[in-house]
Amino acid sequence: MDVTRLVLAQRASEAALEEARRANKMKDEFLALLGHELRNPMAPIMTALELMRFRGDAATQREREVIERQANHLLRLVDDLLDVARITRGVVELKRRRVPLRELITKALETASPLFAEKRHRLSVSVAPELEVEVDPARLQQVLANLLTNAAKYTNPGGEVQVRAYPDGADAVVVVQDDGIGIDSETLPHIFEMFVQEQQGLDRSRGGLGLGLAIVKALVQQHGGSVAARSEGHGRGSSFELRLPLLARDEGGETAVRTEGGEQMPVATAPARVLVVDDNQDAAELLATAVEAMGHEARIAHDGASALEVAATFEPHVAILDIGLPVMDGYELARRLRARGSLPRLIALTGYGQERDKQESASAGFELHIVKPVDLQQLGSSIEKLIGR
Ligand SMILES: Nc1ncnc2c1ncn2[C@@H]1O[C@H](COP(=O)(O)OP(=O)(O)O)[C@@H](O)[C@H]1O
Ligand SMILES: [Mg+2]
0 MDVTRLVLAQ RASEAALEEA RRANKMKDEF LALLGHELRN PMAPIMTALE LMRFRGDAAT
60 QREREVIERQ ANHLLRLVDD LLDVARITRG VVELKRRRVP LRELITKALE TASPLFAEKR
120 HRLSVSVAPE LEVEVDPARL QQVLANLLTN AAKYTNPGGE VQVRAYPDGA DAVVVVQDDG
180 IGIDSETLPH IFEMFVQEQQ GLDRSRGGLG LGLAIVKALV QQHGGSVAAR SEGHGRGSSF
240 ELRLPLLARD EGGETAVRTE GGEQMPVATA PARVLVVDDN QDAAELLATA VEAMGHEARI
300 AHDGASALEV AATFEPHVAI LDIGLPVMDG YELARRLRAR GSLPRLIALT GYGQERDKQE
360 SASAGFELHI VKPVDLQQLG SSIEKLIGR
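Structure, rendered in structure tokens:
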């Protein structure tokens, strides 16, 4: 039997496979190179912006903020490019340690919260207590922030996003569920592949490169976990389920089966009414979103007069006051709140952390003095402490 044609065909297919591998390798190398080359000029741009912010030139503040936002966006894209290049070449090293899952979720919410505030999504968070995992915290935060950002991005304004975390056998499960635009059944099986994106009718102003979920999947697998996407189709919302090996509380670093404790609890132990006063609208909304994500009820005011009005009906347990408010500053507002007889616990929020500032806020009746940028973890436990007293 003459097998010449068979052999030729086999050689051709081997050559094609080899060519495809080579092309794929070149693509990965190109991505890595592109990432590096784009990141280099970003560093001095970011530094220059920081200097401008430091000098606080009021005349160009708006423009500076625009450049800052866009440059940060660019930086995130470039970081994604670099990450995906590194991850696909298997050169990401995980720095694992044991961490409470709740802490990772809080930090990730912090990253995503400006987008949630901007789109006015309702966010509900329910995290079972005492879930511990042994992971690279920065990488896991990145994974969770990616899922949360997607949920916020691919959901029309005023949507509903839920985050749940609970134990399931030997796994910790985190579900991020939205009621957004959903994913159609043709795209769904490929959604974790690089560059895969759905046709988007939405504006692409915040569009990414379609790398986020590829990064999520690779990182989660490297952690020995898994991630899955579900959607009933367009307009039906999506949910992403993340599974990670759960760490038993007492076994040092060992993975063990956990059976009890399906009980779910909101992040805050007791919900409080929290008034947030900041003349910077973005800052106020961001903070209010974060406070709500902790399980509290939040209201916003942008100046002293309206803060007093809101306080009269809302009767906050805790008031977080920016000190540098126009007209009536935070100290004055604090005094007037006290004078009205309503006695919220007071937290001062300032850009200054000098001893003198702390003394002044203490004498105005503030019990806590938090310096910007706010550490949400710290704020969360401060609120807990104040209402627990
Ligand atoms: N929660 C979600 N709801 C609907 N579609 C989503 C969701 N998350 C991801 N997608 C779809 O998956 C695609 C890939 O997501 P991702 O890898 O994060 O890239 P990017 O967000 O940069 O487009 C998105 O472009 C979008 O079409
Ligand atoms: Mg994304």
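The sequence shown lines up with residues 0 to 388 when you count with numbering that gives the first Met the number 0. Virtual Cβ for every residue (Gly too), placed ideally from N, Cα, C.
Taking the C-alpha atoms as reference points, what is the distance between residue i and residue j?
i: Pro166; j: Glu102; result: 16 Å
i: Gly211; j: Met327; result: 44 Å
i: Glu359; j: Glu291; result: 29 Å
i: Gly423; j: Ile322; result: The displayed coordinates of the chain run from 0 to 388. Any statement about residue 423 would go beyond what the structure contains.
i: Glu133; j: Val174; result: 18 Å
i: Leu246; j: Arg97; result: 8 Å
i: Ser230; j: Val195; result: 16 Å
i: Ile190; j: His233; result: 14 Å
i: Ser381; j: Arg242; result: 31 Å
i: Gly168; j: Lys106; result: 25 Å
i: Ala144; j: Ala338; result: 42 Å
i: Leu187; j: Ala8; result: 35 Å
i: Asp373; j: Ala14; result: A small fix is needed here, since residue 373 is Val in this sequence, not Asp. Going from the Cα of Val373 to the Cα of Ala14 covers about 58 Å.
i: Ala22; j: Glu185; result: 26 Å
i: Arg335; j: Leu307; result: 8 Å
i: Asn71; j: Ala289; result: 21 Å
i: Arg52; j: Gly207; result: 27 Å
i: Ala363; j: Ala171; result: 45 Å
i: Glu131; j: Gln198; result: 38 Å
i: Val6; j: Ser12; result: 10 Å
i: Gly89; j: Gln220; result: 12 Å
i: Glu192; j: Ser225; result: 14 Å
i: Asp135; j: Leu332; result: 43 Å
i: Asp183; j: Asp177; result: 15 Å
i: Gln60; j: Arg163; result: 39 Å
i: Ala361; j: Val65; result: 36 Å
i: Lys384; j: Leu367; result: 11 Å
i: Leu48; j: Ala282; result: 19 Å
i: Gly158; j: Val317; result: 27 Å
i: Asp356; j: Gly379; result: 22 Å
i: Met41; j: Phe365; result: 40 Å
i: Arg10; j: Met0; result: 18 Å
i: Lys216; j: Gln141; result: 11 Å
i: Leu16; j: Ser237; result: 36 Å
i: Glu354; j: Tyr330; result: 16 Å
i: Glu62; j: Lys371; result: 22 Å
Kindly identify the DSSP beta-bridge partner or partners of residue i.
i: Glu296; result: Arg272
i: Tyr165; result: Val172
i: Val160; result: Leu122 and Asp177
i: Glu131; result: Pro99 and Leu246
i: Asp56; result: Beta-bridge pairing links Asp56 to no other residue.
i: Glu240; result: Val174 and Ala227
Spatial neighbours of residue i within its chain, please: C-beta separation below 6 Å, excluding the five flanking residues on both sides.
i: Pro286; result: Before going further, note that residue 286 is Leu rather than Pro in the sequence given. Here the set comprises Val275.
i: Arg138; result: Leu218
i: Tyr153; result: Gly179 and Ile180
i: Leu348; result: Ile319, Asp321 and Ile369
i: Ala239; result: A small correction: the amino acid at residue 239 is Phe; Ala does not occupy that position in the sequence shown. Within the same chain, Phe239 has close Cβ partners Leu146, Val175 and Ala228.
i: Leu108; result: Ala292
i: Ser123; result: Gln161
i: Arg38; result: Val77
i: Ile44; result: Ala70
Less than 7 Å between C-beta atoms, sequence neighbours within five positions excluded: which residues of the same chain meet that for residue i?
i: Ala269; result: Ile386
i: Pro156; result: Lys118 and Arg119
i: Val309; result: Leu274, Arg298 and Ala300
i: Leu33; result: Leu80
i: Leu375; result: Thr105, Glu109 and Ala289
i: Ala151; result: Ala111, Leu114, Phe115, Lys118, His120 and Val160
i: Leu345; result: Ala318, Leu320, Ala333, Gly364, Phe365 and Glu366
By Cβ distance, which residues of its chain are closer than 8 Å to residue i, with the 5 residues on each side in sequence left out?
i: Thr148; result: Thr110, Ala111, Leu114 and Gly211
i: Asp249; result: In this prediction, Asp249 scores a pLDDT of 48, lower than 50, which makes its location untrustworthy; the coordinate-derived value is nonetheless stated afterwards. Excluding positions up to five away in sequence, the list is empty.
i: Ala58; result: none
i: Gly209; result: Met193, Phe194, Val195 and Gln196
i: Glu296; result: Pro270, Ala271, Arg272 and Val273
i: Gly223; result: Leu243 and Pro244
i: Ala304; result: Val326 and Met327
i: Leu93; result: Val134, Asp135, Arg138, Gln221 and His222
i: His35; result: Leu81
Could you check whether the Cβ of residue i sits closer than 7 Å to any Cβ belonging to chain C?
i: Arg63; result: No chain C appears in the structure shown, which is made up of a single protein chain.
- Task: Please specify which runs of the beta strand (DSSP E), each continuous and at least 3 residues long, are wholly inside the region 12-42, giving them in chain order.
- Result: none
- Query: Counting pairs of beta carbons, one from the region 270-284 and one from the region 300-311, are three or more of them closer than 8 Å?
  - Reply: yes
- So does the region 15-30 actually touch the region 74-90, counting three or more Cβ pairs closer than 8 Å? yes
- Message: With three or more C-beta pairs closer than 8 Å as the rule, is the region 72-80 touching the region 109-123?
- Response: no
- Ordered list of alpha helix (DSSP H) runs contained in the region 316-379, each at least 4 residues: 329-338 and 354-362
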